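Beneath this line is the structure, given in structure tokens, with notes to follow.
Residue numbers (the working numbering), protein chains in the order written: chain A, 2 to 114; chain B, 52 to 164.
Here's what the structure looks like:
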């Protein structure tokens, strides 16, 4: 079991470019969560998805950010027209359909220059 | 607004000493997690506390939960250098399934040899 796979591990984008972050959940997990962590801070919830459905996106900025979890393939967090304030570590977690517990990926560290 | 507050936020201690990290939360929840994060790394699950009075121990770490007081503690016994990390508590908003986690700001623990 490969765990939660995130890629890329590091991503550098210039202001105004698009960033695409990918997350493949653990085998058997159908729930995906994205969190953002700023330096020296805790994690902030962004969005909770199940296959083909966004369950809760209350933590997503209203503009430029979107997320999807298609029927096939990884979950994608997309940030359009990145700004310096988007620089952060973005963590994906997955959980099983029943039971409890979250498994985190290694994160994608986004740097906007 | 749900708040999860940890204290202290920073702790420097000598090897061999004991100390306690506190996690207070502001809403009803019967599920609380403790995670460890090393610099630049992902989050490692330490404990899941599921009910009032729950106590779990792993090595030199012991976690407890008092749902009436909305308080969890992480106690470190005879600290060793390898325990240096940032420790987060997180509260699950859902009662019956996984949902989103609300995180404390983290306690940065430095243990000096």
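By construction, the Cβ of each residue, glycine as well, lies at the ideal position given by its N, Cα and C atoms. All of these numbers come straight from a predicted model, not from anything done at the bench.
Notebook entry, point to check: From residue 110 of chain B to residue 136 of chain B, what does the alpha carbon distance come to, in whole angstroms?
Noted result: 16 Å
Checklist line | Interface flag, residue 139 of chain B vs chain A, CB-CB below 7 Å | finding: yes
Notebook entry, point to check: Using the C-alpha atoms, what's the distance from residue 94 of chain A back to residue 11 of chain A?
Noted result: Answer to the nearest angstrom: the Cα atoms are 17 Å apart.
Next item on the list: Give the interface partners of residue 85 of chain B over in chain A, defined as CB-CB distance under 7 Å, in chain order.
Entry: Within chain A, no residue comes near residue 85 of chain B; the closest Cβ sits about 12 Å away, beyond 7 Å.
Check: If residue 159 of chain B sits next to residue 61 of chain B, beta carbons under 8 Å apart, how far is it from one beta carbon to the other, in whole angstroms?
Finding: 5 Å
Notebook entry, point to check: How about the stretch 4-21 of chain A and the stretch 78-98 of chain A: do they share at least three Cβ pairs that are nearer than 8 Å?
Noted result: yes
Check: What are the residues of the stretch 54-83 of chain B that lie near chain A, defined by any Cβ-Cβ distance shorter than 7 Å?
Finding: Taking a C-beta cut-off of 7 Å against chain A, the contacting residues of the stretch 54-83 of chain B are 82, listed in chain order.
Margin query: I'd like the list of long-range same chain contacts for residue 74 of chain B, defined as Cβ closer than 6 Å, with 5 residues on each side in sequence excluded.
Written below: 57, 123, 140, 155
Note to self: Per DSSP, what are the beta-bridge partners of residue 61 of chain B in this structure?
What the structure shows: Residue 61 of chain B has B:159 as its beta-bridge partners, per DSSP.
Check: Closest to residue 72 of chain B by CA distance: which of B:55, B:82, B:79 is it?
Finding: B:55
Margin query: Counting only C-beta atoms, is residue 95 of chain A closer than 7 Å to chain B at any point?
Written below: no
Margin query: Which complete beta strand (DSSP E) runs does the stretch 21-96 of chain A hold, if anything under 3 residues is left out?
Written below: 30-38, 44-51, 54-57, 66-69, 76-80
Notebook entry, point to check: Would you call the CB atoms of residue 151 of chain B and residue 46 of chain A closer than 7 Å?
Noted result: yes
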